[in-house]
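With the sequence shown counted from 1, adding 14 to any position gets you the numbering used here. Accompanying notes for the structure given below.
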Amino acid sequence: MTREHHAANLERPNDDALASDRSPIADNQASLGRRITASLALLVMIAGLLSAGVLVLHVRVTAALEETHADGLAAQEALGLTLAVREHYLHETHTVIQGDRGQVAHHHDWIDDIERRVDQLLPRVPSSERSTLDELRETSQAIDELYRSRLLPAALAGDRETVRQHQRESELLLRGATEAADAIVDALDRRAEQTRREALELSRLAIVVGVAGVLLLGVAALVIAVRLRRAVLAPLARLSAAARRFGAGEFDFRVGTQGLDTSELSALGGALDHMAVELEAREQELLRTERIAAIGQLTAGIAHEINNPIGVIRGYLKTMIPAVPTLGPDDQQELLEELKILDEEAAACQRIVEDLLGFAREPALEWQRVQISELVDDAVRRFTSTLAHDPPPQIEIDVDAATLELDPVRMHQVLANLLRNAVDASPSSGAKLQLRGRVHPNHYTLEVTDNGPGIAADKRERVFEPFFSERRSGSGLGLAVSRGIVEAHGGRIYAAQPSAGQGARITLEIMK
């Protein structure tokens with residue numbers, strides 16, 4: 015298993031987290047679309063209702079105008095019928111007075127003309143006037159019957175008294191027919207006038223509806239535009255300003271969701287805030303990496319220069335210590351103690367140099383499949399065997415069995431650093447350490463907890479920075495070197511929140 019494989023496994027949860035951050039946007043993406051769709055649907059509905067209303071009124075006005083025109087034509091035909099009845103009467107009277115039979119041949123033509131006019135007018139008059147039209151037809155037929163059966167024979171016989179008598183009767187019938195025809199004309203005129211007024215009122219109503227509809231449509235469009243501007247344009251300007259601030263490096267600024275009315279923009283604001291947090295973290299990581307790289311270059315040179323004289327010092331010490339027996343007893347003891355102090359200090363300097371070199375170099379890993387419980391037991395045994403501490407630390411081990419692929423030598427170094435820091439942080443009355451290991455679906459967790467004062471919350475990240483130490487005897491490189499080794503394994507190491515009554519807790523996660 016390669017280091018890149020472990021790194022990919024470590025980054026996979028972050029990808030899932032980003033996917034979870036993107037999911038609210040996808041889930042809520044239809045909200046702004048629904049708002050715009052609803053606004054457009056409202057405008058279309060208003061326009062549709064307005065068009066339908068105006069169209070209905072237009073149809074009714076057109077129908078009313080056509081009905082008015084038809085009533086006008088019917089009134090003209092009614093007047094023509096009245097004139098035809100009178101003309102028929104005049105021709106009959108002229109024939110009777112003159113005694114001229116030459117007009118008798120046209121009598122049937124006049125009667126047929128009146129019948130035709132009545133038949134044409136009948137379906138076009140109001141139903142209330144159809145009986146009047148029937149009466150006019152009957153009166154015309156009565157006049158014709160009186161003319162043919164009485165007036166004309168009396169006139170031809172020269173019986174003037176009979177002619178005068180039937181003439182008065184014919185005049186009464188004519189007056190009735192004329193009044194009936196005039197009544198029909200008046201009824202048609204009244205209906206035409208009423209229809210014309212209705213058409214005029216409908217026209218005015220259509221104008222009012224059209225103007226009101228246009229105003230309503232304009233007001234609705236204005237309200238929708240204002241609401242969309244407030245809901246979209248203003249927040250977009252705010253988001254653009256936030257993006258510019260992020261681009262300028264102001265990663266502490268937060269957009270928030272206040273004033274972002276739509277779920278899409280609210281989710282976008284949250285995404286920008288998340289991006290700012292990620293960018294700030296990436297920037298800090300980049301600065302840390304650059305700082306570490308610079309420190310690494312510096313320490314590599316310093317370590318090389320310091321390591322040589324330290325080696326010489328220790329070499330001389332090793333040659334001088336065997337010569338101690340040649341001295342006197344008092345001198346031997348004093349010199350031996352001083353030489354041991356020098357050797358211990360030189361060894362401490364050499365460990366610092368080794369830590370510097372380990373920090374400056376990229377860890378080269380030799381991967382092996384290792385039983386983690388055996389690795390932990392061996393690391394604790396080696397640590398306690400080389401530790402000169404009175405009283406010795408109490409180490410409680412509770413590690414789940416698991417087989418992991420890692421570099422056992424490098425992991426020994428990490429555990430030794432963690433145990434050494436835990437012992438140094440514990441009270442002098444006695445160190446009580448807990449070393450727990452737990453199996454998780456994707457990784458294995460090791461926790462080293464001490465009974466010291468703990469790590470302040472604002473320093474839990476700084477303790478992994480190179481040369482950061484709150485102890486005079488510490489080099490500040492142990493945890494920095496450990497982080498480099500763990501990250502080379504594709505894992506991570508961090509200072510976790512301790513439980514009540516505990517000191518510091520360092521958590522180590524190794525990918526399975």
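Virtual Cβ for every residue (Gly too), placed ideally from N, Cα, C.
Judged by pairs of C-beta atoms under 8 Å, the segment 95-104 touches the segment 194-212, as three or more such pairs exist. Assignment of Leu301 by DSSP, reduced to helix, strand and coil, places it in the helix class.
Excluding five sequence positions before and after Val423, the CB atoms of its chain that fall closer than 8 Å to its own CB belong to Glu380, given in chain order. Taking C-beta atoms under 8 Å as the contact rule, Asn465 and Ser483 fail to qualify, at a distance of about 20 Å. Note on geometry: alpha-carbon atoms of Ala55 and Ala194 lie some 59 Å from one another. Straight-line measurement puts the Cα of Glu159 at about 14 Å from the Cα of Ala168. Contact check between the segment 206-223 and the segment 71-81: three or more CB pairs, one atom from each, fall below 8 Å, which counts as touching.
Excluding residues up to 5 positions away in sequence, Arg138 and Leu202 lie with their Cβ nearer than 6 Å to the Cβ of Ala88 in the same chain. Membership of Val384 in the beta strand (DSSP E) is indicated by the continuous run Gln382 to Gln385. DSSP lists Val453 and Ile524 as the beta-bridge partner residues of Tyr458. In this structure, Glu410 and Gln382 do not form a Cβ contact; the two beta carbons are roughly 27 Å apart against a cut-off of 8 Å. Listed as beta-bridge partners of Lys332 by DSSP are no residues whatsoever. When C-alpha distances from Val222 are compared across Ala510, Ala235, Glu368 and Leu71, the shortest belongs to Leu71. For Val500, the enclosing alpha helix (DSSP H) has its first and last residue at Gly492 to Ala502. Taken in chain order, the whole alpha helix (DSSP H) runs of length 4 or more contained in the segment 208-285 are 248-261. For Phe478, the closest C-alpha among the options Ser399, Gly490 and Gly468 is that of Gly490. The beta carbon of Ala416 lies closer than 7 Å to those of Ile386, Val453 and Tyr458 in the same chain, with the five residues before and after it left out. Inclusion of Pro480 and Ala502 in the CB contact set at 8 Å is not warranted, their separation being larger than that value. 8 Å or more divides the Cβ of Glu461 from the Cβ of Thr398. When DSSP states are grouped into helix, strand and coil, Asp412 belongs to the strand group.
Shown here for Asp126: not one same chain residue has a beta carbon closer than 8 Å to its own, the five before and five after excluded. The way I'd put it, the segment 52-68 doesn't touch the segment 245-253; fewer than three beta-carbon pairs between them come closer than 8 Å. Of the candidates Glu143, Arg210 and Thr153, the residue whose Cα lies closest to the Cα of Thr82 is Arg210.
Looking at the DSSP output, Arg131 shares a beta bridge with no other residue. Residues Lys446 of the same chain have their beta carbon placed closer than 6 Å to that of Gln408, with the five preceding and five following residues left out of the count. The three-state reading of DSSP puts Leu420 in strand, counting E and B together. Under the three-state reduction of DSSP, Ala55 is assigned to helix.
Annotation: Asp357 to Val367 spans about 15 Å, alpha carbon to alpha carbon.
Between Ala393 and Ala430 the beta-carbon gap is near 6 Å, inside 8 Å, which marks them as a contact.
Counting of Cβ neighbours within 10 angstroms places Ser442 among the exposed residues, the total staying below 16.
Distance from Val428 to Val500 at the Cβ level is roughly 6 Å; contact confirmed, criterion being Cβ atoms closer than 8 Å.
A Cβ-Cβ contact shorter than 8 Å links Arg164 with His180.
Contact annotation: the segment 180-191 touches the segment 147-157, with at least three C-beta pairs closer than 8 Å. Arg100 and Asp148 have their C-alpha atoms roughly 17 Å apart.
In the DSSP assignment, the residues bridged to Ala509 are Ile520.
Inter-residue distance for Pro140 and Ala84 is about 12 Å (C-alpha atoms, whole angstroms).
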